[in-house]
Amino acid sequence: MPEPVERRKSRIRKLTAAHVVIVIAFIGLLLGAYKASRNYRPQVRPLVNALSNGSSIFAPTTIFISLDGFRADFLYRNITPSLSAFVQAGTSPEYMTPSFPSVTFVNHNSLVTGLYPESHGIVGNSFWDPEFKEDFFYTDPARSMQPKWWTAEPIWVTAENQDVRTAIHMWPGSEAHIGTEPTFVDKYEGHELLKNKVDRILGLLDLPGPLDKDASLDRPRPQLIAAYVPDVDRDGHLYGPNSTEIRSTISSVDAMLGQLFSGLEQRNLTDIVNIVIVSDHGMATTSTSRLVQLDDIIDMSLIERTDGWPLYGLRPKNESDIEPLYNHLKQEATNMEGFDVYLKDRDMPERYHFSHNDRIAPLWVIPWTGWAIVVKEEFNVEEAKKTGQVYHPIGVHGYDHEHPLMRAIFVARGPAFPHTPGSKLEPFQNIEVYNLVCDSIGVVPNPNNGTLRLPLKPIGLHGSMPPKNLPEDMPEDSSNSIAMSTETTIGALSSTQASRPTIATTDAAAPTRPVIHDDVSQEDEDNNGKDTNLWWDWVKGKLDGAKDWATGVYDKVSDKISGAASNSGGGDK
Ligand SMILES: *[C@@H]1O[C@H](CO)[C@@H](O)[C@H](O)[C@H]1NC(C)=O
Ligand SMILES: *[C@@H]1O[C@H](CO)[C@@H](O)[C@H](O)[C@H]1NC(C)=O
Ligand SMILES: *[C@@H]1O[C@H](CO)[C@@H](O)[C@H](O)[C@H]1NC(C)=O
Ligand SMILES: *[C@@H]1O[C@H](CO)[C@@H](O)[C@H](O)[C@H]1NC(C)=O
Ligand SMILES: *[C@@H]1O[C@H](CO)[C@@H](O)[C@H](O)[C@H]1NC(C)=O
Numbered sequence: 002m003p004e005p006v007e008r009r010k011s012r013i014r015k016l017t018a019a020h021v022v023i024v025i026a027f028i029g030l031l032l033g034a035y036k037a038s039r040n041y042r043p044q045v046r047p048l049v050n051a052l053s054n055g056s057s058i059f060a061p062t063t064i065f066i067s068l069d070g071f072r073a074d075f076l077y078r079n080i081t082p083s084l085s086a087f088v089q090a091g092t093s094p095e096y097m098t099p100s101f102p103s104v105t106f107v108n109h110n111s112l113v114t115g116l117y118p119e120s121h122g123i124v125g126n127s128f129w130d131p132e133f134k135e136d137f138f139y140t141d142p143a144r145s146m147q148p149k150w151w152t153a154e155p156i157w158v159t160a161e162n163q164d165v166r167t168a169i170h171m172w173p174g175s176e177a178h179i180g181t182e183p184t185f186v187d188k189y190e191g192h193e194l195l196k197n198k199v200d201r202i203l204g205l206l207d208l209p210g211p212l213d214k215d216a217s218l219d220r221p222r223p224q225l226i227a228a229y230v231p232d233v234d235r236d237g238h239l240y241g242p243n244s245t246e247i248r249s250t251i252s253s254v255d256a257m258l259g260q261l262f263s264g265l266e267q268r269n270l271t272d273i274v275n276i277v278i279v280s281d282h283g284m285a286t287t288s289t290s291r292l293v294q295l296d297d298i299i300d301m302s303l304i305e306r307t308d309g310w311p312l313y314g315l316r317p318k319n320e321s322d323i324e325p326l327y328n329h330l331k332q333e334a335t336n337m338e339g340f341d342v343y344l345k346d347r348d349m350p351e352r353y354h355f356s357h358n359d360r361i362a363p364l365w366v367i368p369w370t371g372w373a374i375v376v377k378e379e380f381n382v383e384e385a386k387k388t389g390q391v392y393h394p395i396g397v398h399g400y401d402h403e404h405p406l407m408r409a410i411f412v413a414r415g416p417a418f419p420h421t422p423g424s425k426l427e428p429f430q431n432i433e434v435y436n437l438v439c440d441s442i443g444v445v446p447n448p449n450n451g452t453l454r455l456p457l458k459p460i461g462l463h464g465s466m467p468p469k470n471l472p473e474d475m476p477e478d479s480s481n482s483i484a485m486s487t488e489t490t491i492g493a494l495s496s497t498q499a500s501r502p503t504i505a506t507t508d509a510a511a512p513t514r515p516v517i518h519d520d521v522s523q524e525d526e527d528n529n530g531k532d533t534n535l536w537w538d539w540v541k542g543k544l545d546g547a548k549d550w551a552t553g554v555y556d557k558v559s560d561k562i563s564g565a566a567s568n569s570g571g572g573d574k
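Each residue of the sequence shown is one higher than the last, beginning at 2 in this note's numbering.
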């Protein structure tokens, strides 16, 4: 009797083994096919901390929205009902400090890496890399979207590598193929309607979740949805941060957020999905009376290249000129207003964290907030003052990141922020955001410069009154306001699209220099229906200009210096 039993057992064992082999092979086949279809991405990870909205299971999910150029005090103009209600429902500091320099590409990369610009390598909207011997220009995607510039890992790569799926809508740098690709990438489109952004975000949330019967590995519901909104910044540059135009754009963006919030509410997702709303920097008003004519101060023919507008990073042709140029500029900075001078390796303020990278020029002329540095071929200050020519762009950022007019926002709500509604945090710098967003979707962050982790520790509640000491806008030129009111009238007569203003080019006093905006790619300005690319032309002009200086058009300037000193107008740092 024992024999047949043994035999039967062994036969069953063999059969079972064969089945197991077949099943394993089949699973392997499926896995292989899946991996091949997804570029060797591993399986979906187990559900942790999932929540149900009543009909679908949501893995930890965060919507991360950046409102370019949304200055912190824009919240207190009584034109942002949705965002203000969101502050009262969520958790936020009074403001978030950007990183230095306070420009768009730099700060969007700090937001998604948690690194100071010197560590993430995007040290300006434009800069020179001495190793590549090439310029980075953010408005030229053919160059700026090459992966080699992007040396730090952004959050979508961190998340995808940990099997958390991401959807990135127009975030600066997201088209640069930095390692593992986001599951969804939306190409930059500067004039996309705000409503489309809402539909896109809600559409991504409506994809089948991990346990829904029609769940798909190819079109999974993403756990991180990052979206970029350029509109407020664009109008800040064109019309200034205190203009009626920017007010109307702020309202439109607020209405967009309102639509998003109600879309979440309709889906019973208000307490299921996190929303983190940030901005990258603020905006300050410029003026013809707050300009520094750099070519009256130094001999530009000594300079090989200039980096990083509105700051001027100077790379002299001959290294031995760095010290004399620095000494001269430093002395002039004590005689006239409008700028500070630093050597990258000597006295660059520690708090800027703007030294440890070869992409940072050796010598920096940094304008005071609301000031601009110009060379004559783009703007001749003396002439402009005579003719009443207005300096553009009317709004500029990029200055000292701790200046109140450069302040950004951070407001969060959702299950990862389980605080009393309206909780208030100590202000923090935007290098903290990467850790917080990683924590909110259960992803382990890379080493970075942030120190905050979830849960946050509120210090109290926001009052119902606006905070004290909100920064005042700087005065515009009086000629500015005349030009502006003419422009406004023309715009009101000819245009029904309030949020899509055109640049006035018919004005006789219009500047020869085009308007600068922070659009992410080589995007057309809608210039009375004619497609032009003003900003890019200007940048190219600037490059060519650098070559002109190299040929030594500007000779001796020492006698002009005293003139410039007496010319420089008033204004406070
Ligand atoms: C909405 O979601 C909550 C959990 O956040 C759940 O308790 C409730 O039943 C849901 N409501 C509906 C109508 O499904
Ligand atoms: C839960 O969310 C899904 C996806 O957005 C949505 O289709 C569904 O209607 C929501 N359920 C409820 C009860 O609102
Ligand atoms: C740089 O300047 C130094 C001092 O003026 C001079 O001796 C040297 O020849 C210059 N180098 C070049 C490459 O022009
Ligand atoms: C910022 O983080 C990076 C990466 O961990 C590190 O190399 C760098 O030293 C840090 N910077 C500072 C100022 O701590
Ligand atoms: C800002 O705009 C308001 C309203 O138009 C005006 O009263 C105020 O003077 C402006 N502030 C500055 C500094 O121009």
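The beta carbon of each residue, even a glycine, is placed where N, CA and C say it ideally should be.
With respect to the 8 Å criterion, R408 and G314 are not classified as neighbours on the basis of their beta carbons. Taken in chain order, the unbroken stretches of alpha helix (DSSP H) that lie wholly in the stretch 106-187 and span 4 residues or more are 118-121, 142-145, 156-162.
Environment of ligand 2, chain-ordered: N54, G55, S56, S57, L206, D207, R268, N269, taking every residue with Cβ within less than 5 Å of a heavy atom. When DSSP assignments are scanned along the stretch 196-270, the uninterrupted stretches of beta strand (DSSP E) that are 3 or more residues long and fall wholly within it turn out to be 225-230. With contacts defined as CB atoms closer than 8 Å, A227 and I169 qualify as a contacting pair.
In the structure shown, the three-state DSSP call for E384 is helix.
Taking non-hydrogen atoms of ligand 3 into account, the C-beta of N319 is found less than 7 Å away from one of them.
Short note on I273: C-beta closer than 7 Å to some heavy atom of ligand 1. For T370, there is no enclosing alpha helix (DSSP H), since its DSSP letter is neither H nor E. Excluding five sequence positions before and after N275, the CB atoms of its chain that fall closer than 6 Å to its own CB belong to T63, G415, A417, S441, given in chain order. Per DSSP, A413 is one residue of the beta strand (DSSP E) stretching across 411-414. Two segments are said to touch when three or more pairs of C-beta atoms, one from each, lie closer than 8 Å; by this definition the stretch 258-277 touches the stretch 52-66. The three-state reading of DSSP puts T287 in coil, since its state is none of H, G, I, E or B. Of the residues K425, P394, H402, the one whose Cα lies closest to the Cα of R235 is P394. Excluding residues up to 5 positions away in sequence, Y353, F355, H402 lie with their Cβ nearer than 6 Å to the Cβ of F101 in the same chain. In chain order, the residues positioned with their C-beta nearer than 7 Å to some heavy atom of ligand 4 are L116, Y117, S120, H354, P448, N449, N450. Between ligand 5 and the CB of M171, the shortest heavy atom gap is not smaller than 7 Å. At least one heavy atom of ligand 5 falls within 7 Å of the beta-carbon of M475.
With 16 or more other Cβ atoms inside 10 Å of its own Cβ, G309 counts as buried. Beta-bridge analysis with DSSP links P317 to I304. Taking a C-beta distance under 8 Å as the contact criterion, D255 and S83 qualify as a contact pair. Each of L48, T92, D74 was checked against the Cα of H420, and the nearest Cα belongs to T92.
Per DSSP, the beta-bridge partners of F59 are L52. For T92, the beta-bridge partners assigned by DSSP are A413, S424.
Judged by DSSP secondary structure, N436 falls within the alpha helix (DSSP H) whose first and last residues are 434-441. Going by beta carbons, G371 and A285 fall inside the 8 Å limit. In this structure, K425 lies near P459, with their beta-carbon atoms less than 8 Å apart. Bridge partners of D341 according to DSSP: I367. Bridge partners of Q294 according to DSSP: V375. DSSP, reduced to helix, strand and coil, places L68 within a strand of the structure shown.
Taking C-beta atoms as the reference points, S127 and Y400 fail to come closer than 8 Å. Scanning its chain for C-beta atoms nearer than 6 Å, with the 5 sequence neighbours on each side dropped, one finds around L258 the residues S83, L84, in chain order. Around T81, the same chain offers D255 as residues with beta carbons nearer than 6 Å, after the five sequence neighbours per side are excluded. By the Cβ neighbour-count rule, G451 is buried, with 16 or more other Cβ atoms within 10 Å of its own. About 17 Å separates the Cβ atoms of P148 and T167, ruling out a contact at the 8 Å cut-off.
In this structure, Y96 sits near P428, with a CB-CB distance shorter than 8 Å.
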